[in-house]
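Going by the working numbering, the letters in the sequence shown line up with residues 10 to 202, in that order.
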Amino acid sequence: MTTLENRPRTALLVVDVQNDVVGGAYRRDDVVANVATLVRRAREQGAPVVWVQHSDEQLAHGSSGWQVVPELSRSAEEPLVEKTYGDAFEGTTLERVLADLGVGRLVLAGAQTDGCIRSTLHGALARGYDATLVSDAHTTEDLSAWGAPSPDLVVAHTNLYWGFQSAPGRAAGTVTTAEVDFTALAAGQATAS
Numbered sequence: 010m011t012t013l014e015n016r017p018r019t020a021l022l023v024v025d026v027q028n029d030v031v032g033g034a035y036r037r038d039d040v041v042a043n044v045a046t047l048v049r050r051a052r053e054q055g056a057p058v059v060w061v062q063h064s065d066e067q068l069a070h071g072s073s074g075w076q077v078v079p080e081l082s083r084s085a086e087e088p089l090v091e092k093t094y095g096d097a098f099e100g101t102t103l104e105r106v107l108a109d110l111g112v113g114r115l116v117l118a119g120a121q122t123d124g125c126i127r128s129t130l131h132g133a134l135a136r137g138y139d140a141t142l143v144s145d146a147h148t149t150e151d152l153s154a155w156g157a158p159s160p161d162l163v164v165a166h167t168n169l170y171w172g173f174q175s176a177p178g179r180a181a182g183t184v185t186t187a188e189v190d191f192t193a194l195a196a197g198q199a200t201a202s
């Protein structure tokens, strides 16, 4: 249902699954395993995989903490988008990369739920993309010491509210890793809940 013309493809967007971003994150190993499953499935089903890596004052570009976790590996032909803002579209090449790939629908996984995931989901929907969140393939660190809810509640709340998002001519929603079928999404047959 994307509003972007001539953009029939669906891509997996892997956001910030980096050593220092997910090192102490809620259900880190389960989430990383689910992201690995999604990457493998996207490749098998011919869907583009686009990788996003964040850097800032605390996360130096090129450092070991900046690297993608060792359980995942980007193949040379898969695009890498480097960012410095929460929304992966802001100040990056992401829109150009997706346009060149003919992508109008995004399936998002990664970190952090209450930061870059939420910002990128909203950024995608506002720019005309369909945006599906994989409910068991995103995580965040515990920021409750600063007044945030516990990570389990952050993840649950994000899954709840994203399941009810919509915009004219665009679809949003959540699916589990097991439910993701890039072939069906590309054909417009899958619905997010």
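Ideal Cβ positions, reconstructed from N, Cα and C, are used throughout, including at glycine. Bear in mind the structure is a predicted one, so any value in this text is a computation, not a measurement.
- For the 8 Å CB-CB criterion, L115 and L22 form a contact.
- Comparing alpha carbon positions, the residue from D65, V189, A108 and M10 closest to W75 is D65.
- In this chain, S128 is not harboured by any beta strand (DSSP E); it is covered by the alpha helix (DSSP H) spanning R127 to A135.
- When the alpha-carbon of Q121 is set against those of D145, V24 and R105, the nearest one is in V24.
- In summary, D96 is buried, with 16 or more beta-carbon neighbours lying within 10 Å of its beta-carbon over all protein chains present.
- Note on P177: under 16 other CB atoms within 10 angstroms of its CB, so exposed under the neighbour-count rule.
- Going by beta carbons, A118 and P57 fall outside the 8 Å limit.
- As DSSP reads the structure, V23 sits in a beta bridge with W60 and A118.
- By the Cβ neighbour-count rule, S175 is exposed, with fewer than 16 other Cβ atoms within 10 Å of its own.
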